[in-house]
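Accompanying notes for the structure given below.
Numbering (UniProt numbering), first residue to last: 1 to 389.
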């Protein structure tokens with residue numbers, strides 16, 4: 001009899017824990033839906049939703065969908081916007097995801113946009129113009145490649161409200177972009193809360209397993225639900241979750257290690273050439289012995305001056321990557337793209353471009369005619385960047 005009583009109590013306790021988890025998951029989801037519902041009803045301004053492919057942004061899109069299903073009379077125009085990045089693991093699948101989403105959102109006033117026209121391409125700056133790759137004292141790529149395209153999109157409209165998936169800061173905030181206001185339905189949610197909101201099935205069959213695995217590798221833990229610390233790969237850069245980009249760009253020199261890429265290519269061999277190129281890029285920066293702060297000052301002072309980079313400038317005179325190194329990097333990059341697509345073909349995957357045709361053409365022109373006008377990079381405060389995605 002005593003054994004039966006113990007068994008009954010144990011089963012009752014386990015059932016109670018399970019019911020509590022289910023109730024908590026439902027409650028967090030309902031709170032998010034109610035917050036989005038109130039937000040959508042308060043005016044008729046255009047709503048812009050930044051989408052990076054991360055856990056938070058995918059959870060927000062599902063919450064928006066469930067809100068629209070319940071509140072059928074929502075006249076606000078909603079634009080879900082993805083700025084194409086070069087992290088290649090999640091961005092590579094977003095076009096297909098958006099196509100699936102369009103079918104489910106077609107009866108609502110929702111449109112999907114992918115911004116991939118970067119005027120200040122990373123490789124154009126580094127290889128074409130000789131600007132050293134980003135470092136903590138000279139972090140210029142986040143503004144050029146992630147923030148500016150999004151800001152230009154917002155400028156098309158007189159007034160917009162940004163529905164952000166970031167789970168930090170105040171719920172209602174003024175946005176740095178002109179005539180913009182930001183609302184964060186997940187502002188009070190912990191990272192564990194966000195996982196519970198994220199781990200819901202979706203009618204469009206979002207493969208949450210891949211995202212779960214990437215975060216698991218990223219945080220070096222058995223389960224993302226155990227997350228309590230800052231990511232191991234990128235500390236303070238745009239690859240952190242504060243920026244809500246789940247991974248840094250594959251060529252990011254801001255990060256100190258390549259643990260995510262190294263773990264990822266165990267299942268995806270086509271990643272290996274990217275890791276090798278990133279090592280070459282870092283080694284090139286070390287060989288050039290670029291001093292970050294001096295380089296930044298020198299670079300800014302050169303605005304409007306013609307620079308002939310074929311001359312054998314020493315480090316103090318030029319502070320830019322020499323012609324020989326840039327030419328070497330360019331051909332290494334082209335070879336890397338060929339290797340990547342060969343390995344993807346072996347895995348029966350479609351080809352990808354790690355450098356655009358326009359950028360290739362511009363770099364060839366700069367290498368063949370190395371006299372160019374140096375532009376000035378204006379680094380924006382990190383606080384502005386951290387709130388967009």
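Cβ atoms here follow ideal geometry from the backbone N, Cα and C, with glycine treated the same way.
These numbers were taken from a predicted model, which means no experiment stands behind them.
With respect to residue 150, residue 81 sits close: the two C-beta atoms are nearer than 8 angstroms. Sorting 277, 23, 269, 360 by C-alpha distance to the C-alpha of residue 250 places 277 at the top. Going by DSSP, residue 78 is part of the beta strand (DSSP E) stretching over 78-83.
As computed with DSSP, residue 113 is found in a beta bridge with 81. Considering only 26, 67, 368, the residue with the shortest C-alpha distance to residue 193 is 26. In this chain, the alpha helix (DSSP H) harbouring residue 149 covers 148-154.
Relative to the Cα of residue 212, the nearest Cα in the group 39, 366, 59 belongs to 59. Of the candidates 50, 349, 44, 347, the residue whose Cα lies closest to the Cα of residue 85 is 50.
Per DSSP, reduced to three states, the secondary structure at residue 74 is coil, with no helix or strand assignment. One alpha carbon belongs to residue 62, the other to residue 273, and they sit about 35 angstroms apart. Boundaries around residue 364 are those of the alpha helix (DSSP H), 357-368, since no beta strand (DSSP E) includes it.
Apart from the 5 residues on each side of it in sequence, residue 280 sits with its Cβ closer than 6 angstroms to the Cβ of 332 in its chain, given in chain order. If you draw a 10 Å sphere on the C-beta of residue 184, you find 16 or more other C-beta atoms in it, and that means buried.
Straight across, the Cα-Cα distance linking residue 97 with residue 134 is about 31 angstroms. The beta-carbon distance between residue 337 and residue 358, rounded to whole angstroms, is 15 angstroms. This is too long to meet the 8 angstroms contact definition. By the neighbour-count criterion, in which a residue is buried when 16 or more other Cβ atoms sit within 10 angstroms of its Cβ, residue 110 is buried. At the C-beta level, residue 113 and residue 79 come within 8 angstroms of one another.
Annotation for residue 126: no beta strand (DSSP E) segment contains it, and DSSP assigns it neither H nor E. The DSSP assignment places complete alpha helix (DSSP H) segments of no fewer than 4 residues inside the region 20-72 at 55-70, in order along the chain.
When rounded, the separation of the alpha-carbon atoms in residue 74 and residue 196 is 27 angstroms.
When rounded, the separation of the alpha-carbon atoms in residue 23 and residue 199 is 14 angstroms. CA-CA distance, residue 42 to residue 34, rounds to 13 angstroms. Just so you know, the alpha carbons of residue 187 and residue 38 end up roughly 15 angstroms apart. Going by C-alpha positions, residue 68 is about 14 angstroms away from residue 203. Collapsing the DSSP output to three states places residue 347 in coil. Residue 329 and residue 48 have their C-alpha atoms some 38 angstroms from each other. Judged by DSSP secondary structure, residue 106 falls outside any alpha helix (DSSP H); it is assigned neither H nor E. Distance between residue 364 and residue 148, taken at the CA atoms: about 25 angstroms.
DSSP places residue 268 in the coil class of the three-state scheme, outside both helix and strand. Counting other Cβ atoms within 10 Å of its Cβ, residue 121 reaches 16 or more and is therefore classed as buried. The beta carbons of residue 128 and residue 282 sit no closer together than 8 angstroms. Within the model, the alpha-carbon separation for residue 21 versus residue 342 is close to 46 angstroms. Residue 191: member of the alpha helix (DSSP H) spanning 191-198, first to last residue. Residue 180 and residue 160 do touch by the CB rule: their CB atoms are close to 5 angstroms apart, below 8 angstroms.
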